[in-house]
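As structure tokens, the structure follows; a few thoughts come after it.
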Amino acid sequence: MTDTMINPSPAPAPRAAVLDDAHVGDIRGALGTIKLDDTAPRKGLSAKLKTLLAIVGPGLIVMVGDNDAGAFATYGQAGQNYGTRLLWTLLLLVPVLYVNQEMVLRLGAVTGVGHARLILERFGKFWGAFSVIDLFLLNALTIVTEFIGVALAVGYLGLPKTASVLVAAAVVILAASTGSFRRFERTAIALCLGSLLLIPIYFMIHPSTGTMAHDFVVPGMPKDSKLSDVMLLIIGIVGTTVAPWQLFFQQSYVIDKRITPRFMKYEKADLWLGIVVVVIGAAAIMGFTAAAFTGTKEFGNFDDAIGIAHGLEANAGRVAGVLFAIALLDASIIGASAVSLSTAYALGDVLGLKHSLHRGIGGAKAFYAIFAGVVLLAAVIVIVPGSPLGLITEGVQTLAGVLLPSASVFLLLLCNDKAVLGPWVNGRWTNMFTSLVVAVLVCLSIILTAAVLFPDITTGAILDIMAVCGVAGLLALGYAETRRRKKGWAMAAPVDRTGKENWRMPPLEELPKPIISTGRKVGLTALRTYLLAAMILVIVRIVQLALGH
3 MTDTMINPSP APAPRAAVLD DAHVGDIRGA LGTIKLDDTA PRKGLSAKLK TLLAIVGPGL
63 IVMVGDNDAG AFATYGQAGQ NYGTRLLWTL LLLVPVLYVN QEMVLRLGAV TGVGHARLIL
123 ERFGKFWGAF SVIDLFLLNA LTIVTEFIGV ALAVGYLGLP KTASVLVAAA VVILAASTGS
183 FRRFERTAIA LCLGSLLLIP IYFMIHPSTG TMAHDFVVPG MPKDSKLSDV MLLIIGIVGT
243 TVAPWQLFFQ QSYVIDKRIT PRFMKYEKAD LWLGIVVVVI GAAAIMGFTA AAFTGTKEFG
303 NFDDAIGIAH GLEANAGRVA GVLFAIALLD ASIIGASAVS LSTAYALGDV LGLKHSLHRG
363 IGGAKAFYAI FAGVVLLAAV IVIVPGSPLG LITEGVQTLA GVLLPSASVF LLLLCNDKAV
423 LGPWVNGRWT NMFTSLVVAV LVCLSIILTA AVLFPDITTG AILDIMAVCG VAGLLALGYA
483 ETRRRKKGWA MAAPVDRTGK ENWRMPPLEE LPKPIISTGR KVGLTALRTY LLAAMILVIV
543 RIVQLALGH
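Right, dumping it as structure tokens:
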């Protein structure tokens, strides 16, 4: 018997589609390292905890980055104008956040290819270009709002605006440009810890725990409030919590951290950690803002985020206001970092650039140029006298709400593409839940568009839009079921998950060309046409308002 027969060679690892060789190697996280050849099973609590610490990062950073300057303003507005009556929206968003981001981390770990590149390859240049243009436009405006947050925070703290904004921009750029993934992640996690400053503010203001607990689990609407105003704020909460940049950032960041499907359960734990932190932060802002302003003349008259700091100071002293301003500054910096990186990652994917935080500036010049460019442009816009900062802030909130459905639709389609995810594709319940979420997002987007175009929209009109959306959804389901029975198609069979632990997406050039049905093409075209028309109309309307017309 030959040696080969006695000691057969191990089967070669399947070829993967990782586009940048810097994305393969040891996992060097902020809190630990996992060697590439470390394939030992994790037995015992100590081994599992060390692995979790090494993996922690993507889910925590993307979630805390979501509690950025815009989120501070949105949650603060909810608390100052309506008390804690809208806390329940946070509870409803928990499963949405988890399902969306779990699909993204699954795509990243299994494929090794960024979100923008997958859309480009599986849906063509037309749809790929639209997805990246949407992202780039919205991200660019969002980064400006982050530096508006910096300017507001340093203004309250008595620091010079121009110098402080430029220093903040330098911090964001330098933290990501050292050529060390670990250094960036340590900086980012330190900033995440800064978000915990919201907790002592909560205890300094001491809102009613019983009222908050009730409003968190029992849905309700503020009394004697205009439905259109409340609905717009709810859409703002959804838009600031479920943002397109999150999908692009987390998928690319999971890849850049070199996380594979083997560590999926640890990355899911990391995601849950991030969700818990973001919900606690958002609830704390709503709670202490409500307590600080209830019974004052400022209640119901929200102006901007730093107005909250002044209200906290009046209610609980200067320390509370300073802590809030520092938390806002911290949130703005981590938000600017995450949103800028999502832009650079996406453009790097689409343009075929080397894009990894493991590379120094010399190894990925174009990637870092894009990253630094969007950061500096946003900072300059904020410090230039006469910049329409109010217009930009309003535009970000509105466009984010209008474009809500777009990214979720492509995410759902990619997670049902068996050539891309193989045994990791969505199950039936995930598809049902995500389809419902997309339908709700489309309805909210239509309501927001109508409210912007017709500021005096009535409660009846909003209820009519919701009713039409509901009927349209039922008709679509009926049509799909009728067509399935007419064609004799069977119900979707359970997915065979055999061997999924070792399955990775093959190189893109080896994937079969996707088959897009006529119905899907019609649906995508209708959605894109609506979103494009709505985006143009909303931009025109906002500009008209800004010009006083």
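Its first residue numbered 3, the sequence shown is counted upward by one per residue in this note's numbering.
Glycine included, every Cβ here is placed at the ideal spot set by N, Cα and C.
Asked                                                                                                                                                       : Found
Of the choices L443, L330 and F250, whose alpha-carbon is the least far from that of G283?                                                                  : L330
Distance check for P202 and L275, CA to CA, integer angstroms please.                                                                                       : 19 Å
How many Å lie between L325 and P43 at the Cα?                                                                                                              : 44 Å
Would the segment 370-385 and the segment 208-220 be scored as touching if the rule is three or more Cβ pairs under 8 Å?                                    : no
For the beta strand (DSSP E) that T1 lies in, which residues bound it at each end?                                                                          : The requested residue 1 is not part of the displayed model; the chain covers only 3 to 551.
Roughly how many angstroms separate the alpha carbons of A441 and W505, rounded to a whole number?                                                          : 32 Å
Over what stretch of residues does the beta strand (DSSP E) that includes R30 continue unbroken?                                                            : I29 to G31
List in chain order: all unbroken beta strand (DSSP E) runs of 3+ residues lying wholly within the segment 283-334.                                         : none
I'd like to know whether the C-beta atoms of A307 and A171 end up nearer to each other than 8 Å.                                                            : no
Rounded to the nearest angstrom, what separates H357 and S254 at their Cα positions?                                                                        : 9 Å
Using the three-state DSSP reduction, which class does G46 fall into: helix, strand or coil?                                                                : coil
Throw me the rounded Cβ distance for the V280 and V66 pair, which I believe falls under 8 Å.                                                                : 6 Å
What does a CB cutoff of less than 7 Å around E104 pick up in its chain, not counting 5 residues either side in sequence?                                   : K270 and L273
Closer than 6 Å by C-beta to G302: which residues in its own chain qualify, once you throw out the five before and the five after it? Chain order, please.  : N83
CB L235 to CB Q79, shorter than 8 Å?                                                                                                                        : yes
Report the residue from S166, G521 and L176 whose alpha carbon sits nearest the alpha carbon of S339.                                                       : L176
Do G59 and A32 have their C-beta atoms within less than 8 Å of each other?                                                                                  : yes
Check G85 in the structure and name its three-state DSSP category.                                                                                          : coil
What's the call for T6, buried or exposed, on a 16-neighbour Cβ count within 10 Å?                                                                          : Below a pLDDT of 50, predicted positions are generally treated as unreliable, and T6, at 41, falls in that range; the measurement from the model is reported next regardless. It counts as exposed.
Roughly how many whole angstroms lie between the Cα atoms of D332 and A192?                                                                                 : 10 Å
Short of 7 Å in beta carbon distance, which residues of its chain neighbour V454, apart from the five on each side in sequence? Order them along the chain. : T400, V540 and R543
Could you tell me the distance, in whole angstroms, from the CA atom of R499 to the CA atom of V422?                                                        : 14 Å
Express the C-alpha separation of L199 and A245 in angstroms, rounding to a whole number.                                                                   : 24 Å
Looking at the secondary structure, which residues open and close the alpha helix (DSSP H) in which G238 lies?                                              : L229 to T243
State yes or no: is the C-beta of V404 within less than 8 Å of the C-beta of A535?                                                                          : no
Sort I287, E123 and A482 by Cα distance to E512 and report the nearest one.                                                                                 : E123
Between which residues of its own chain and R30 is the CB-CB distance below 7 Å, once the five residues before and five after are set aside?                : F183 and R184
Rounded to whole angstroms, what is the Cα-Cα separation between L195 and I63?                                                                              : 10 Å
Suppose the cutoff is 8 Å on Cβ atoms and the five residues either side in sequence are ignored; what does the same chain contact list for P514 look like?  : A421
Between the segment 106-122 and the segment 285-303, do three or more beta carbon pairs fall short of 8 Å?                                                  : no
Would you please verify whether the beta carbon of H25 is less than 8 Å from any beta carbon of chain B?                                                    : Note that chain B does not occur in the displayed structure, where there is just one protein chain.
Just verifying my parser: in three-state terms, what is the DSSP assignment at I36?                                                                         : strand
Inspect the CB distances between the segment 287-301 and the segment 141-160 and report whether three or more fall short of 8 Å.                            : no
By the 10 Å Cβ neighbour count, where 16 or more other Cβ atoms means buried, how is E248 classified, buried or exposed?                                    : Before going further, note that residue 248 is Gln rather than Glu in the sequence given. Buried, since its Cβ has 16 or more Cβ neighbours within 10 Å.
Under three-state DSSP, which class holds W505?                                                                                                             : coil
Quick check on V58: does DSSP put it in helix, strand or coil?                                                                                              : coil
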